[in-house]
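Novice: Each residue of the sequence shown is one higher than the one before, counting from 143 in the numbering used here.
C-beta: ideal position from N, C-alpha, C; glycine also.
Here's a structure for you.
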Amino acid sequence: MQFNIDAMVKSILYSIHYLGITLLIPLVALAIGIVFGLAIALLRYYQAKVIAPVLQAIVTLFKGIPIVLILLAMYLFCSTAFDPIAQSLHWSIRFKNVNTIWIAIVGLGIMAIVNASEIFRGAFASIRKGQLDAAQSIGMTRGQTIRRVLLPEAVPVALPVLGNLLINLIKASALCSMVGVVDIFSAATISGQQSYSFLEAYVGVALIYWVVVVCIEKGTGLVEHRLTSRLGRAAQ
């Protein structure tokens, strides 16, 4: 079988139009994950009564569920329950009018929250206890300790792992085609169906993913270097 370069190039040019969606979903999901994951990590770190064990159980539960099952379960739930709920609340919108990108964002957001909470919890655990004791000894409140000690120490540790999480979210976004989202992966499939050149289409989309991942790794490394340098100068 001869590999058709022209078909691969055509597939890349067709798929690249949907790169914005492929980046939008993981980036919004990561933002959701950082906000809620950080809150969960702080509650677990300070061992909040009742809440911390419940959050730990929820995190453990979702860590064991594949993202594809979360996406499909959310889609099926919304497709059956959204219209009755909308009618009871006197909303004019119906499920057929809902952009499935939101389902994909929430699904990947759940994955991001679970992973980000573990990332931040590990980063907090790496902080020496003596620093926290010193903060308490000079009269810092818990909020001040979080802002001035925990976060400045934890963010540089968490940043590379958060970059890897973003890469995993981008790769997982290929599954969003199962709930009707057209991203670069599903666009490559469409291109392959039109030309019967599936191998060329998938090699082309793999190259797009590779370029995106390389850019993220370079960007994360640059931000990490600058942040570390800034914190180092501040400590001097």
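Could you tell me the distance, in whole angstroms, from the CA atom of Ser371 to the CA atom of Pro298?
Specialist: Counting from 1 along the sequence shown, the entry for residue 371 is found at position 229. Counting from 1 along the sequence shown, the entry for residue 298 is found at position 156. Looking at the two C-alpha atoms, the distance is approximately 10 Å.
Novice: Please tell me whether Ile269 and Leu184 are closer than 8 Å, where the distance is taken between their beta carbons.
Specialist: On the sequence shown, position 127 is the one that residue 269 refers to. On the sequence shown, position 42 is the one that residue 184 refers to. No. Outside cutoff.
Novice: Spell out a yes or no on whether the stretch 320 to 338 and the stretch 225 to 238 are touching, meaning 3 or more CB-CB pairs, one atom from each, closer than 8 Å.
Specialist: Short answer: they don't touch.
Novice: What's the gap between the Cα of Lys360 and the Cα of Ile227?
Specialist: Within the sequence shown, numbered from 1, the residue matching residue 360 stands at position 218. Within the sequence shown, numbered from 1, the residue matching residue 227 stands at position 85. Between Lys360 and Ile227, the C-alpha separation is close to 45 Å.
Novice: Using the rule of at least 16 other Cβ atoms within 10 Å of the residue's Cβ for burial, across every protein chain shown, is Thr202 buried or exposed?
Specialist: Sequence index remark: in the sequence shown, residue 202 carries index 60 (1-based). It counts as exposed.
Novice: Would you call the CB atoms of Leu172 and Ala254 closer than 8 Å?
Specialist: Within the sequence shown, the letter at position 30 stands for residue 172. Within the sequence shown, the letter at position 112 stands for residue 254. Yes. Within cutoff.
Novice: Using CA atoms only, rank isn't needed, just tell me which of Leu250, Ala246, Asp225 and Ser328 is closest to Lys238.
Specialist: Here residue 238 refers to the residue found at position 96 of the sequence shown. For Lys238, the nearest C-alpha among the options comes from Asp225.
Novice: Answer yes or no: do Val324 and Tyr160 have a C-beta to C-beta separation smaller than 8 Å?
Specialist: Walking along the sequence shown from the start, residue 324 turns up at place 182. Walking along the sequence shown from the start, residue 160 turns up at place 18. Contact: yes.
Novice: Could you give the residue range of the alpha helix (DSSP H) that holds Arg290?
Specialist: Within the sequence shown, numbered from 1, the residue matching residue 290 stands at position 148. It is not in any alpha helix (DSSP H) - Arg290 carries neither H nor E in the DSSP assignment.
Novice: How is His232 classed by DSSP in three states: helix, strand or coil?
Specialist: Here residue 232 is taken as the residue at index 90 of the sequence shown, counted from 1. Of the three classes helix, strand and coil, the one that applies to His232 here is coil, per DSSP.
Novice: How many Å lie between Ile167 and Thr283 at the Cα?
Specialist: The residue given as residue 167 occupies position 25 in the sequence shown. The residue given as residue 283 occupies position 141 in the sequence shown. Taking the straight line joining both Cα atoms gives about 37 Å.
Novice: Considering only the alpha carbon of each residue, which of Leu155, Tyr338, Ile193 and Gly281 lies closest to Gln144?
Specialist: Your numbering for residue 144 matches position 2 in the sequence shown. Closest by alpha carbon: Tyr338.
Novice: Counting C-beta neighbours from all protein chains within 10 Å, is the total for Val151 16 or more, i.e. buried, or is it exposed?
Specialist: Working through the sequence shown from its first residue, we reach residue 151 at position 9. Val151 comes out exposed.
Novice: What residue range does the alpha helix (DSSP H) around Tyr156 cover?
Specialist: For the purposes of this step, residue 156 is identified with residue 14 of the sequence shown, where counting begins at 1. Unbroken alpha helix (DSSP H) run through Tyr156: Ile147 to Ser157.
Novice: What first and last residue would you give for the alpha helix (DSSP H) that runs through Ala277?
Specialist: By 1-based counting over the sequence shown, the position of residue 277 is 135. Ala277 -> alpha helix (DSSP H) spans Lys271 to Ser279.
Novice: Are the beta-carbon atoms of Phe327 and Val345 separated by less than 8 Å?
Specialist: Counted from its first residue, the sequence shown places residue 327 at position 185. Counted from its first residue, the sequence shown places residue 345 at position 203. Taking 8 Å as the Cβ cut-off, Phe327 and Val345 do not qualify as a contacting pair.
Novice: Where does Thr242 sit, in a helix, a strand or coil, going by DSSP?
Specialist: Residue 242 sits at position 100 when you count from the first residue of the sequence shown. In this structure, Thr242 counts as coil in the three-state DSSP scheme.
Novice: Which residues mark the beginning and the end of the alpha helix (DSSP H) in which Lys205 is found?
Specialist: In the sequence shown, the residue the question calls residue 205 occupies position 63. Ile193 to Lys205 is the span of the alpha helix (DSSP H), which, as asked, contains Lys205.
Novice: Under DSSP, the alpha helix (DSSP H) around Pro208 begins and ends at which residues?
Specialist: Here residue 208 refers to the residue found at position 66 when the sequence shown is read from its first residue. Premise fails: Pro208 is in no alpha helix (DSSP H) and is neither H nor E.
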